[in-house]
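Heads up: the structure comes next, in structure tokens.
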């Protein structure tokens, strides 16, 4: 009997670990795009586990949310209307790092929206990395550059490299109900060439980091936003010769400065591989 029990236990334990495919879409777009496709953002206020929301995300613990609460017609008290329990616009950043967590409505076709985004010139998909990992094993995706850092010691020049990249780490955990708990670590490190440091003019690296845990259904999408990318351009135009005349040059010369601000959205979709 003991042998049969041990054999049954070994058979129960000796099962292949399920795998999860993590698909990420890194999109650069205007700040109002997230709102137009129905993204709900969690920002401030109180939320209990028993309060539902219109997104596919589940919040197992006390959290922070705010939004518009509607009343069902004919119902007494503060009854939340379907579709308005959590109905948030894209807010200002609620934390020092300026990152926010949200979700895309399950009925919305994200690929169609992103294709339309590119066709209208309002943004573009920077990359669509896809990686598979075993259950409870971390998957990592990185996109960016490396900054060379030169150090001199004892007349010896040494060059090391520092990552300045967008790094996404996801650890999936499959539940008994075929939902996926994802521990997400997002770090956005970008070089600031406007403030070089030292004789080698090494740019400092600005870093944003967010760590969170969410629960989504198989094949549904969560999104992280709030990563702003700003670009400032200066241009000078004028009439040759006349634009160099002292005092009168501003009549024939024009300086223009353009400031463009875009937002990065990271869409993350887990899919459980069928074994």
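Numbering (the working numbering), first residue to last: 2 to 276. From the three backbone atoms N, C-alpha and C, an ideal C-beta is built for every residue, glycine too.
>> If I measure Cβ to Cβ from residue 269 and keep anything under 6 Å in the same chain, skipping five residues before and after, which residues do I get?
In response: Excluding sequence neighbours, residue 269 sits near 25 and 223.
>> Which runs of the beta strand (DSSP E) at least 3 residues long sit entirely within the stretch 106 to 158? Give them in chain order.
In response: Those beta strand (DSSP E) runs which fall completely within the stretch 106 to 158 and span 3+ residues are 124 to 128, 131 to 135 and 140 to 154.
>> On the CB-based measure, 16 or more other CB atoms within 10 Å of its CB, does residue 23 come out buried or exposed?
In response: Classification of residue 23: buried, given that the 10 Å Cβ count is 16 or more.
> Can you give the Cα-Cα distance for residue 122 and residue 212, rounded to whole angstroms?
Replying inline: Between residue 122 and residue 212, the C-alpha separation is close to 32 Å.
> If residue 215 and residue 185 are in contact, beta carbons under 8 Å, what's the gap, nearest whole angstrom?
Replying inline: Right, their Cβ atoms sit about 7 Å apart.
>> Given this structure, state the Cα-to-Cα distance separating residue 170 from residue 194, to the nearest angstrom.
In response: Their backbone Cα atoms lie some 27 Å apart in a straight line.
> What first and last residue would you give for the beta strand (DSSP E) that runs through residue 179?
Replying inline: Residue 179 -> no beta strand (DSSP E), and no H or E assigned at all.
> Do you know how far the Cα of residue 209 is from the Cα of residue 202?
Replying inline: Roughly 22 Å between the two C-alpha positions.
>> Whole angstroms are fine: how far does the CA of residue 147 sit from the CA of residue 10?
In response: Per the coordinates, the alpha-carbon of residue 10 lies some 49 Å from the alpha-carbon of residue 147.
> How would you call residue 167, buried or exposed, if buried means at least 16 neighbouring beta carbons within 10 angstroms?
Replying inline: Classification for residue 167: buried.
>> Restricting to Cα atoms, I'd like to know which of 6, 207, 196 and 189 is closest to residue 267.
In response: Shortest Cα-Cα distance from residue 267 to any of 6, 207, 196 and 189 involves 189.
>> Rounded to whole angstroms, what is the Cα-Cα separation between residue 8 and residue 16?
In response: Distance from the CA of residue 8 to the CA of residue 16, rounded to the nearest whole angstrom, comes to 13 Å.
> Straight-line CA distance for residue 192 to residue 177?
Replying inline: Computed Cα separation, rounded: 43 Å.
> So, is the C-beta of residue 216 closer than 7 Å to a C-beta in chain B?
Replying inline: Although the question refers to chain B, the structure presented lacks it and comprises just one protein chain.
> Considering only residues of the same chain and omitting the five flanking positions on each side of residue 187, which have a CB-CB separation below 6 Å?
Replying inline: Answer for residue 187: 169, 211 and 225, listed in chain order.
>> Classify residue 3: buried if its beta carbon has 16 or more other beta carbons within 10 angstroms, exposed otherwise.
In response: With fewer than 16 Cβ atoms within 10 Å of its Cβ, residue 3 is classed as exposed.
> In three-state terms, what does DSSP make of residue 186?
Replying inline: DSSP, reduced to helix, strand and coil, places residue 186 within a strand of the structure shown.
> What's the call for residue 28, buried or exposed, on a 16-neighbour Cβ count within 10 Å?
Replying inline: So residue 28 counts as buried.
> Whose C-beta lies closer than 7 Å to the C-beta of residue 179 among residues of the same chain, with five residues either side of it excluded?
Replying inline: So the qualifying residues of the chain are 219 and 273.
> Should residue 198 go down as buried or exposed, given a rule of 16 or more other Cβ atoms within 10 Å for buried?
Replying inline: When all chains shown are included, residue 198 counts as exposed.
> Got a sec? Which residues, its chain only, sit under 6 Å from residue 161 by beta carbon, not counting five neighbours each side?
Replying inline: Once the five neighbours on either side are set aside, the close Cβ partners of residue 161 are 150.
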